[in-house]
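Counting the sequence shown from 1 gives a position; this note's numbering is that position plus 21.
Ideal placement from N, C-alpha and C gives every residue a C-beta, glycine not left out.
Below is one structure, written out as structure tokens; the observations come after it.
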Amino acid sequence: MQNSAAVPKSIGNNDHARIHTPSPARLVRDRRQVLAMTIKLYAFTCGTVTGDFGRLLQGGEGNITLPVPVYLIEHRNGLALFDTGLHPDCQRDPPGRLGARLAELFQIKFRAGDEVSARLAAIGRDPAEIDLLINSHFHFDHVGGNALIPNATS
């Protein structure tokens, strides 16, 4: 088979240029090879927040306890952290960190070792080596640990 670079310079009435066009199946296979890369995703729970379910979802009843998730993404271009959880001050003094109103609305369960820096260290990752911070939004339970990741760009 010839590729498009091998098309004759002039084509007469009876001459046929053969241009190789890969099959759709081959195109898909080739794209996968080009786009293939390894990404590792680590999920951490950095404490929990308990509150009135009705405040979070209309019709919700009773209290609900929610994990505070943080995700580390290892990519060939570097390390990214999606959310950073609670601030360490929430371990000792939630009202001092969050204010009286939020501390009244939510019960925080956040012990030493639950902070994002400790979770990273537990899997052998240095918080100073994180390249990028991605914050889904700016609530206290998503950005509290940003200061523990000193060298990342956000």
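> Thinking C-beta only, is Leu93 closer than 9 Å to Leu154?
Replying inline: no
> Closest to Thr69 by CA distance: which of Val91, Thr174, Asn172 is it?
Replying inline: Val91
> What are the residues that DSSP puts in a beta bridge with Asp73?
Replying inline: Asn84
> Mind checking Leu62: buried by the 16 CB within 10 Å criterion, or exposed?
Replying inline: exposed
>> If I measure Cβ to Cβ from Gly165 and keep anything under 7 Å in the same chain, skipping five residues before and after, which residues do I get?
In response: Thr105, Gly106, Leu107, His108, Cys111
> Expressed to the nearest angstrom, what Euclidean distance is found between the alpha-carbon atoms of Phe159 and Val89?
Replying inline: 13 Å
>> Tell me the rounded alpha-carbon separation between Leu78 and Gly72.
In response: 11 Å
> Any idea if Glu82 is buried or exposed, counting beta-carbon neighbours within 10 angstroms, 16 or more meaning buried?
Replying inline: exposed
> With a CB to CB cut of under 6 Å and the five nearest residues on each side skipped, what residues in its chain are close to Asn34?
Replying inline: Low local confidence applies: a pLDDT of 49 at Asn34 is under 50, so the model's placement there is unreliable, with the coordinate-based value given in what follows. Hits under 6 Å: none found.
> Between Leu169 and the rest of its own chain, which residues show a CB-CB distance below 6 Å, the 5 nearest in sequence each way excluded?
Replying inline: Val137, Ser138, Pro148
> Is Gln79 helix, strand or coil when you go by DSSP?
Replying inline: coil
> Can you tell which of Arg132, Asp114, Ala133 has the C-alpha that lies nearest to the C-alpha of Ala124?
Replying inline: Asp114
> Helix, strand or coil for His202 per DSSP?
Replying inline: The shown model of the chain, from 22 to 175, leaves out residue 202, and the question about it has no answer.
> Can you pull the DSSP bridge partners for Leu62?
Replying inline: Ile94
>> For Leu126, tell me which candidate among Ile60, Ala64, Arg76, Met58 has the shortest Cα-Cα distance.
In response: Arg76
> When DSSP labels each residue in this structure, what does Leu107 get in the three-state scheme?
Replying inline: coil
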